[in-house]
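Written out below as C-alpha cells is the structure these notes cover.
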Amino acid sequence: MEPLAETMADSDTIKATAMAFVGWLLHLLSYDMAAKALTLIGLALYVIYLAYSIWCKRLELRQRELTTTSPAPVVVVDDESEDPNTTSL
Numbered sequence: 323m324e325p326l327a328e329t330m331a332d333s334d335t336i337k338a339t340a341m342a343f344v345g346w347l348l349h350l351l352s353y354d355m356a357a358k359a360l361t362l363i364g365l366a367l368y369v370i371y372l373a374y375s376i377w378c379k380r381l382e383l384r385q386r387e388l389t390t391t392s393p394a395p396v397v398v399v400d401d402e403s404e405d406p407n408t409t410s411l
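Going by my numbering, the letters in the sequence shown line up with residues 323 to 411, in that order.
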C-alpha cells in the first residue's frame, strides 16, 4: 500500500473511532437518537474501513505472488500434420 493511502486509511480510522466515541458519549448524556445515529455511522465506517483494508492486503499479496512467480517454460512442438504445402490424397 502506498504511504498516502496508508495515511488516508489511518485518518479514516481515527475519524470513525472518534465518531463512535462521540456517539457513545452522547448516549451516556441520554441523547438517544443522535447517539444511536452517530454510533451506527461510526461503526459502519469502521466496518467499511476494515473490509477495504483486508481487500487491499489481499490484492497486494496477489500482485506480489504474480510478480514473484516465474513463468513456466514454453515448449514449441513442430506439428507437420497441418502443413499448408502438403496436399492430402
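We put the beta carbon where it would ideally sit given N, CA and C, even for glycine.
Proximity to residue i [Cα-Cα], best of the options
i	options	result
Thr339	Ala373, Leu372, Tyr368	Tyr368
Asp265	Leu372, Glu387, Arg380	Here the chain comprises residues numbered 323 to 411, so residue 265 is not present and cannot be evaluated.
Status (buried if at least 16 other CB within 10 Å, exposed otherwise) for residue i
i	result
Ala366	exposed
Leu360	buried
Ala463	Limits of the chain in this structure are 323 at one end and 411 at the other, which puts residue 463 out of reach.
Cα-Cα separation between residue i and residue j, rounded to whole angstroms
i	j	result
His349	Ala342	10 angstroms
Ile363	Ile336	13 angstroms
Asp383	Gly345	The sequence shown places Leu at residue 383, rather than the Asp named in the question. Between Leu383 and Gly345, the C-alpha separation is close to 36 angstroms.
Trp377	Ile370	10 angstroms
Leu302	Lys358	An answer regarding residue 302 cannot be provided, because it is not within the stretch 323 to 411 covered by the chain.
Ser375	Thr390	22 angstroms
Proximity test, residue i beta-carbon vs the ligand ADP heavy atom, cut-off 6 angstroms
i	result
Leu383	Judged by which ligands are present, the structure shown has none, so any question about the ligand ADP falls away.
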